[in-house]
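A.B. asks: The structure's right below; bear with me while I get my questions together.
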């Protein structure tokens with residue numbers, strides 16, 4: 001490979017700030033912090049606001065707009081008359 005043109009592709013620890021969930025994957029994300037893992041490795045740390053462990057879509061806590069008091073049905077009823 002040609003030197004100096006490729007990004008620094010290495011193992012990086014991603015940490016969800018909302019619940020502390022951590023996972024390690026390979027990435028070229030720039031980081032300034034490091035973290036000491038349970039197995040003794042010291043890896044670059046990339047902090048996330050949300051991950052699959054805390055996002056409402058993946059955890060099943062997402063609310064559907066159709067189930068929120070019939071708002072969609074009221075909207076359709078109100079504006080269906082003007083569309084005709």
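In my numbering, the protein residues as written are 1 to 84.
C-beta atoms are modelled at their ideal positions from N, C-alpha and C, and glycine is treated no differently.
1. By Cβ distance below 8 Å, which residues in the same chain neighbour residue 24 in space, the five residues on each side in sequence not counted?
2. What are the residues that DSSP puts in a beta bridge with residue 17?
3. How is residue 2 classed by DSSP in three states: helix, strand or coil?
4. Tell me the residue span of the beta strand (DSSP E) that contains residue 27.
5. With DSSP as the reference, label residue 11 as helix, strand or coil.
C.D. replies: Looking at the atomic coordinates:
1. Same-chain partners within the cutoff: 11, 12, 13, 14, 37 and 43.
2. None, per the DSSP bridge assignment.
3. Looking at residue 2 - three-state DSSP - the assignment turns out to be coil, as it is neither helix nor strand.
4. 22-27 is the span of the beta strand (DSSP E), which, as asked, contains residue 27.
5. It is a strand residue.
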